[in-house]
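Chemist: Before I ask anything, let me first share the structure, which is written out below as structure tokens.
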Amino acid sequence: ARWLTLAACQTGPVQRASTRAHTVARLVALLEQAASAGAELAVFPELALTTFFPRWVLQPAEIDALYEAEMPGPVTQPLYDAARRLGIGFAIGFAERVMVDGKVRRFNSMELVGPDGQRSGRYRKMHVPGSTEPEAGTTVHLERRYFEPGDLGFPVFDYGGTRIGLALCNDRRWPETYRMLCLAGAEVVLIGYNTPQMLSEAPALAHLRMFHNHLPMQAGAYQNTLWIAAAAKAGLEDGQALIGGSCIVAPTGEIAAQALSLDDEVVVHRADLDLIAACQAVNFDFARYRRPNDYGLIVER
Ligand code: CDT
2 ARWLTLAACQ TGPVQRASTR AHTVARLVAL LEQAASAGAE LAVFPELALT TFFPRWVLQP
62 AEIDALYEAE MPGPVTQPLY DAARRLGIGF AIGFAERVMV DGKVRRFNSM ELVGPDGQRS
122 GRYRKMHVPG STEPEAGTTV HLERRYFEPG DLGFPVFDYG GTRIGLALCN DRRWPETYRM
182 LCLAGAEVVL IGYNTPQMLS EAPALAHLRM FHNHLPMQAG AYQNTLWIAA AAKAGLEDGQ
242 ALIGGSCIVA PTGEIAAQAL SLDDEVVVHR ADLDLIAACQ AVNFDFARYR RPNDYGLIVE
302 R
């Protein structure tokens, strides 16, 4: 049997006034909790090091301080050191700023780090929601102002013999995310998210926010025979309420473990990787039953 013990490390809010060092200390404490519960791989939220700053129009001079110019940098190094000390890997969402050919580029990124404290993968969010300018009647969500769409596709990384895919927030709502990762051989998908409880454009859907959080992850896990570990940044962050509901989802579509709070909280589950083959055998023998020659519309439209 093959097992991998997963941890979803939810955080409570990261207020703009918090220092990066304070936030990193919180993340280290969560990683210690995950490791002492036997976890081998942990996931932190999207933009785990900062407040969810796309809720604001910021002055140009304020922007750079919210991005990481290097990972790890001096302030984030303790997290990588903790991974090595504890022998546990992690994935973390962060705002990435890179210079390419003398030009600044900005991505909403996630990094996969091995139990040796070394980077073993990088993902850049593909489905970037919101707008570049505030739009009348909608909750301000300016991810498209602060991040380019990812340019790395849907990579899958080896983690001690298990194949890992990464995804960020809005990506989890799209079936293509899971299908691309599944077809690339992913067995486990790690997801970080920041999801506002209330969108002014859709007050009638407010009571469904948690349902619409879990529904696509449960369906994505089931239809693509994946384990999923998903970590929220939750609670009242700089005046905006973010949902929690961090969870670990089995390839059966069942939620195996779920956070109860809107605060820093670790949920752990020992994932049976053989369940993937069992679920494939029952219904999803992809090579045998899929009809890719008849799915052309999916990429044409
Ligand atoms: N961070 C992120 O992608 N949040 C989105 C909210 C989009 S509202 C315009 C989400 O899908 O949860």
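Heads up, the sequence shown is in UniProt numbering, so the first residue is 2 and it goes up one at a time.
Beta carbons are placed, not taken as given, at the ideal position from N, Cα and C, and that holds for glycine.
(1) Rounded to whole angstroms, what is the Cα-Cα separation between P135 and A66?
(2) Can you name the residues that DSSP bridges to I89?
(3) With a threshold of 6 Å on Cβ separation, who are the neighbours of R146 within its own chain once the five nearest residues in sequence on each side are excluded?
(4) Is there at least one Cβ from chain C nearer than 8 Å to T253's Cβ?
(5) Please determine, among A8, T12 and L7, the residue with the shortest C-alpha to C-alpha distance to N195.
(6) How about the segment 228–241 and the segment 184–198: do they share at least three Cβ pairs that are nearer than 8 Å?
(7) I'd like to confirm something about residue 1: is its beta-carbon nearer than 7 Å to some heavy atom of ligand 1, or not?
(8) Pull up the DSSP beta-bridge partners for C10, would you.
(9) Just curious, the beta strand (DSSP E) that S110 is in, first and last residue?
(10) Would A137 and P197 be called neighbours here (beta carbons separated by less than 8 Å)?
(11) Along the chain, where does the beta strand (DSSP E) that runs through Q259 open and close?
(12) With L169 and G94 assumed to form a contact (beta carbons below 8 Å), what rounded beta-carbon distance in angstroms separates them?
(13) In whole angstroms, what separates the C-alpha of E202 from that of R210?
(14) A83: buried (16+ other C-beta within 10 angstroms of its C-beta) or exposed?
(15) According to DSSP, what are the bridge partners of A231?
(16) Answer yes or no: do R120 and D152 have a C-beta to C-beta separation smaller than 8 Å?
(17) Should V129 and N109 be called a contact, given that it needs their Cβ atoms to be closer than 8 Å?
Modeler: Working from what's here:
(1) 22 Å
(2) None, per the DSSP bridge assignment.
(3) T133
(4) Protein chain content of the structure displayed is limited to a single chain, and chain C is not contained in it.
(5) T12
(6) yes
(7) Examination of residue 1 is not possible in this model, given that the chain is present from 2 through 302 alone.
(8) Under DSSP, the beta-bridge partners assigned to C10 are V267.
(9) K104 to V114
(10) no
(11) I256 to Q259
(12) L169 to G94, Cβ: 6 Å. Contact.
(13) Using only the alpha carbons, I get a separation of about 13 Å.
(14) By the neighbour-count rule (16 or more Cβ atoms within 10 Å), A83 is buried.
(15) I192 and C248
(16) no
(17) For the 8 Å CB-CB criterion, V129 and N109 form a contact.
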